[in-house]
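First residue of the sequence shown: 230, per my numbering; consecutive thereafter.
Let me begin by presenting the structure, written as structure tokens, before commenting on it.
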Amino acid sequence: MNHVCKATAAQDSTAISQFFCIKMRENLTRWLYQAMRFQSGLAKTQRIESISKAAKPNKTEPNKNYTAEDPKPDHIPISADVKYISWLKEHPSALSSFQEMMTSAEGKCVVVFLDYDGTLSPIVNDPDRAFMSDRMRSAVGDVAKLYPTSIISGRSRQKVYGFVKLDDIFYAGSHGMDIMGPAIQASSYDGKYQSKALDKKGNELTVFQPAQEFLPSIEKMLNELEETTSEINGALVEDNRFCISVHYRHVLQEDFGLLEKKVQALVAKYPGFHLTRGKKVLEIRPSIKWNKGDALVYLLETLGFTNSSDVLPIYIGDDRTDEDAFKVLKCRGQGYPIIVSTNPRDTLATYSLRDPSEVLSFLIRLARWGEPSAV
230 MNHVCKATAA
240 QDSTAISQFF
250 CIKMRENLTR
260 WLYQAMRFQS
270 GLAKTQRIES
280 ISKAAKPNKT
290 EPNKNYTAED
300 PKPDHIPISA
310 DVKYISWLKE
320 HPSALSSFQE
330 MMTSAEGKCV
340 VVFLDYDGTL
350 SPIVNDPDRA
360 FMSDRMRSAV
370 GDVAKLYPTS
380 IISGRSRQKV
390 YGFVKLDDIF
400 YAGSHGMDIM
410 GPAIQASSYD
420 GKYQSKALDK
430 KGNELTVFQP
440 AQEFLPSIEK
450 MLNELEETTS
460 EINGALVEDN
470 RFCISVHYRH
480 VLQEDFGLLE
490 KKVQALVAKY
500 PGFHLTRGKK
510 VLEIRPSIKW
520 NKGDALVYLL
530 ETLGFTNSSD
540 VLPIYIGDDR
550 TDEDAFKVLK
560 CRGQGYPIIV
570 STNPRDTLAT
580 YSLRDPSEVL
590 SFLIRLARWG
600 EPSAV
């Protein structure tokens with residue numbers, strides 16, 4: 230009997246030791262994560278703004294089902310923190326690295342490029358309510374007063390302007406297929422796609438639309454999609470002028486396959502188009518050699534920086550479509566591609582920011598750095 234008791238006691242002791250070892254590892258992991266997360270030295274009060282409540286799950290939404298691409302987040306494993314810490318070594322925070330980044334910007338013209346959804350505004354359930362905050366609008370406006378600034382989005386140019394409401398920046402909608410940029414026309418691009426326009430202040434601008442001939446087909450596809458997807462609850466078809474977005478954030482898992490098949494069948498009928506994917510969205514785009522990276526190059530040329538070594542472009546975006554712009558900066562060997570992400574992911578970006586609140590902090594610091602008194 231004593232042997233049994235001793236054996237049991239030994240087992241209990243071993244179990245207790247294992248328990249404390251596990252707890253120590255968990256606590257160490259959390260400490261490491263916090264150390265990396267707040268390495269910028271910024272106090273909590275310097276986190277200018279939290280993401281809108283609209284980005285959080287709606288607790289009143291009954292029995293939400295998730296697609297296979299969006300499993301229900303029951304919990305975040307500790308291993309995710311470890312992976313993110315490792316990822317941060319390759320893509321350090323643009324906030325903690327700000328001084329280092331700006332050191333190489335001395336004497337150069339900074340040019341700023343920004344995505345919209347997930348970068349200047351949170352990702353929300355209703356794409357028509359992806360509003361940017363007044364503080365973000367003010368920060369973007371302050372940056373635009375100091376540096377040429379453009380927003381490159383998958384949304385239609387008019388819709389993005391309706392969200393941003395700033396006249397001192399350039400807009401590129403439909404993944405760059407609808408650009409309103411500087412008045413100087415780019416000589417290396419087909420002149421038939423460029424036309425003159427005036428902004429609300431009467432300033433002359435150039436509109437560049439390399440996919441004009443696709444508009445009639447896009448209109449037909451829109452009508453077909455609205456009809457064929459009307460029976461699928463939660464599906465939302467968005468007209469983005471030169472591309473079509475089919476949002477499925479509210480589509481039930483069992484209906485997603487049907488929606489995907491309907492979209493694929495439609496695209497198969499129009500050989501001049503192809504299907505791409507974003508965050509909870511299927512996008513139908515014209516099959517032309519044009520993306521956000523091409524839009525970035527076009528805007529740099531119209532700004533006079535085609536072959537300039539005195540320019541430092543900064544591109545901030547969160548979506549896989551922004552990788553085309555990151556690739557351009559990597560190939561040019563100029564500037565800083567910055568990914569907005571809370572999760573480790575494959576990217577060509579050099580630096581990272583976690584969310585729109587950190588984008589806001591970065592833009593505020595960038596504006597302060599460029600003020601005459603700061604030089």
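Beta carbons are placed, not taken as given, at the ideal position from N, Cα and C, and that holds for glycine.
Small disclaimer: the values here were computed from a predicted structure and weren't measured.
Query raised in the report: For the beta strand (DSSP E) that C338 lies in, which residues bound it at each end?
Result: From DSSP, the beta strand (DSSP E) with C338 extends over 338 to 343.
Query raised in the report: Are the Cβ atoms of Y565 and H320 separated by less than 8 Å?
Result: The criterion of a C-beta distance shorter than 8 Å is not satisfied by Y565 and H320.
Query raised in the report: Beta carbon of R366, beta carbon of L395: below 8 Å?
Result: Yes.
Query raised in the report: Which runs of the beta strand (DSSP E) fall wholly inside the segment 449 to 507 and span at least 3 residues, in chain order?
Result: Unbroken beta strand (DSSP E) runs of no fewer than 3 residues, entirely contained in the segment 449 to 507, are found at 465 to 468, 473 to 476, 502 to 507, following chain order.
Query raised in the report: Thinking C-alpha only, which one of D551, G522, T571, S537 is nearest V610?
Result: Outside the modelled stretch of the chain, which goes from 230 to 604, sits residue 610, for which no answer is possible.
Query raised in the report: For the alpha helix (DSSP H) that S322 lies in, which residues bound it at each end?
Result: Per DSSP, S322 belongs to no alpha helix (DSSP H) and is neither H nor E.
Report task. Would you mind sorting C560 into buried or exposed? The rule is 16 or more other CB atoms within 10 Å of its CB. Result -> Burial check for C560: the Cβ neighbour count within 10 Å stays below 16, so the residue is exposed.
**Report entry** Beta-carbon gap between T378 and I545 smaller than 8 Å
**Finding:** No, these two residues do not count as a Cβ contact at 8 Å.
Query raised in the report: Does the distance from the C-beta atom of V492 to that of L481 stay below 8 Å?
Result: Cβ atoms of V492 and L481: not closer than 8 Å.
Report task. Identify which residue in V340, L434, Y422 has its Cα closest to the Cα of A440. Result -> Of the candidates V340, L434, Y422, the one whose C-alpha sits nearest the C-alpha of A440 is Y422.
Query raised in the report: Who are the near neighbours of W260 in its chain, counting only those whose CB is closer than 7 Å to its CB and skipping five residues on each side?
Result: Because the pLDDT at W260 is just 46, under 50, the model does not fix this residue reliably, and the point stays unresolved.
Query raised in the report: With a CB to CB cut of under 7 Å and the five nearest residues on each side skipped, what residues in its chain are close to T535?
Result: If you ignore the 5 residues before and after T535, its C-beta comes within less than 7 Å of the C-beta of L529, all in its own chain and listed in chain order.
Query raised in the report: For L427, does the three-state DSSP call read helix, strand or coil?
Result: In the structure shown, L427 sits in a strand (DSSP, three-state: E or B).
**Report entry** Meets three-Cβ-pair contact criterion under 8 Å: the segment 316 to 336 and the segment 472 to 481
**Finding:** No, they do not touch.
Query raised in the report: Based on Cα-Cα distance, which residue from P351, A368, L375, D346 lies nearest to G383?
Result: With distances taken between Cα atoms, G383 lies closest to D346.
**Report entry** Presumed contact (8 Å Cβ cut-off) between D344 and I398, rounded CB distance
**Finding:** Their Cβ separation, rounded to whole angstroms, is 13 Å, which puts D344 and I398 out of contact at 8 Å.
Query raised in the report: Looking at C-alpha atoms only, which residue of A596, I567, L577 is the closest neighbour of P585?
Result: When only C-alpha atoms are compared, the closest one is I567.
**Report entry** Close Cβ partners of I368 (< 6 Å) along its chain, the five nearest in sequence each way excluded
**Finding:** Looking at the sequence provided, one finds Ala at residue 368 rather than Ile. The answer, listed in chain order, is L589, L592, I593.
Query - C-alpha distance - D484 paired with I461, whole-angstrom precision - result: Cα to Cα, D484 sits roughly 7 Å from I461.
Query raised in the report: By the 10 Å Cβ neighbour count, where 16 or more other Cβ atoms means buried, how is P515 classified, buried or exposed?
Result: So P515 counts as buried.
**Report entry** Extent of the continuous alpha helix (DSSP H) to which A401 belongs
**Finding:** Careful: A401 lies outside any alpha helix (DSSP H), inside the beta strand (DSSP E) at 399 to 402.
Query raised in the report: From what residue to what residue does the beta strand (DSSP E) around T550 run?
Result: Here T550 belongs to no beta strand (DSSP E), and DSSP marks it neither H nor E.
Requested in this report: With DSSP as the reference, label I517 as helix, strand or coil.
Outcome: Judged by DSSP in its simplified three-state form, I517 adopts coil rather than helix or strand.
Query - Integer Cβ distance of A554 from A401, believed to fall under 8 Å - result: Contact between A554 and A401 is ruled out by a C-beta separation of about 10 Å, above the 8 Å threshold.
Requested in this report: Could you spell out the range, first to last residue, of the alpha helix (DSSP H) harbouring S350?
Outcome: Here S350 belongs to no alpha helix (DSSP H), and DSSP marks it neither H nor E.
Query - Residue closest to P186, alpha-carbon to alpha-carbon, out of L595, R364, L427 - result: For residue 186 there is no data in the structure shown, the boundaries of the chain being 230 and 604.
Query raised in the report: To which residues of the same chain is E453 closer than 8 Å at the C-beta, ignoring the five residues directly before and after it?
Result: Cβ neighbours of E453 beyond the five flanking positions: L495.
Report task. Would you kindly check if the distance between the Cβ of T571 and the Cβ of T435 is under 8 Å? Result -> The answer is no: Cβ separation not under 8 Å.
Requested in this report: Just confirm the distance between the C-beta atoms of A334 and L582, as a whole number of angstroms; I'd bet it's less than 8 Å.
Outcome: By a beta-carbon distance limit of 8 Å, A334 does not contact L582. Their separation comes to about 17 Å.
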